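Please read the structure below before turning to the comments.
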Amino acid sequence: MKVAEGQLELLQDIAEFLRYDKSMPSELIRTYVGEMVKDQAVAPDVLQNTVHVTPDIDGETGKLVKYKT
Numbered sequence: 008m009k010v011a012e013g014q015l016e017l018l019q020d021i022a023e024f025l026r027y028d029k030s031m032p033s034e035l036i037r038t039y040v041g042e043m044v045k046d047q048a049v050a051p052d053v054l055q056n057t058v059h060v061t062p063d064i065d066g067e068t069g070k071l072v073k074y075k076t
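Start counting the sequence shown at 8; every next residue gets the next number (the working numbering).
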C-alpha cells in the first residue's frame, strides 16, 4: 500500500514517541508502522503501473482497427 507523502514520516514520529511506552496500544502502533515501512519498500509505484490505452482508428473508414498501449 502506498501512503501519501509525509504520512509515513508522521507515523514513524508517533512510533518513535511511543517507543518507551510498554502498553499494548503502543506496541500495536509500533508493529503497524513497522509493517507499513516494510510494505512501502516493496510496494509498486501506482503511477508507473498505470496503462494508457488509446484506440487506433482507421483514417479512411473511421472504424476501430486495434488498441495501442
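All C-beta atoms in this analysis are idealised placements derived from N, C-alpha and C, irrespective of residue type, glycine included.
Remember, it's a predicted structure, so these values are computed and weren't measured experimentally.
Q. Just curious, the alpha helix (DSSP H) that Asp-20 is in, first and last residue?
A. As a working mapping, residue 20 is identified with position 13 in the sequence shown. Here the alpha helix (DSSP H) through Asp-20 covers 14-24.
Q: Kindly identify the DSSP beta-bridge partner or partners of Leu-71.
A: Along the sequence shown, one-based indexing puts residue 71 at 64. For Leu-71, which the question treats as bridged, DSSP gives the partners Ile-64.
Q: Since I believe Leu-18 is in contact with Met-43 (beta carbons under 8 angstroms), could you give me their beta-carbon distance rounded to a whole number of angstroms?
A: Here residue 43 is taken as the residue at index 36 of the sequence shown, counted from 1. Here residue 18 is taken as the residue at index 11 of the sequence shown, counted from 1. Going by Cβ atoms, the distance from Met-43 to Leu-18 rounds to 7 angstroms, so yes, they are a contact pair.
Q: Evaluate Val-40 with the Cβ neighbour count: other Cβ atoms within 10 Å of its Cβ, from every protein chain shown; 16 or more gives buried, anything less gives exposed.
A: By 1-based counting over the sequence shown, the position of residue 40 is 33. That one is buried.
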